[in-house]
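Report on one structure; see the data block that follows.
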Amino acid sequence: MIDIAQFNKLRARSFNEQRALLKKLSKGQTVLCQTCGDTISLNIAVKEGEKAVAQCAKGCTHIELDVA
Ligand SMILES: [Zn+2]
């Protein structure tokens, strides 16, 4: 059985974390990967259809960003 309430809570939390992460990156602040402690860098999409990605060097943090 999937606990829907718990699932939604986790989703909301990760969404908020992503937003907080983005906010820091867009201000030029350094954000560290919670898994490996490496610096997370923001790669802006260069081609149409590509997504901007925030990731650490090892790839344990890899967040695709839905930017309009
Ligand atoms: Zn990492």
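In this note's numbering, the protein residues as written are 2 to 69.
For every residue, glycine included, the Cβ atom is placed at its ideal position computed from N, Cα and C.
Mind checking if residue i is an interface residue toward chain B, Cβ cutoff 8 Å exclusive?
i	result
residue 21	Note that chain B does not occur in the displayed structure, where there is just one protein chain.
Can residue i be considered in contact with ligand 1, in the sense that its beta carbon sits closer than 7 Å to one or more heavy atoms?
i	result
residue 39	yes
residue 59	yes
residue 36	yes
residue 31	no
In the DSSP assignment, what are the bridge partners of residue i?
i	result
residue 40	33
residue 19	Its beta-bridge partners do not exist; DSSP assigns none.
residue 53	66
Kindly give me the distance between the Cβ atoms of residue i and residue j, rounded to whole angstroms, as I take these residues to be in contact under 8 Å.
i	j	result
residue 62	residue 36	6 Å
residue 52	residue 65	5 Å
Name the residue from the options whose alpha carbon lies nearest to the alpha carbon of residue i.
i	options	result
residue 55	24, 3, 8	24
residue 45	10, 4, 33, 27	27
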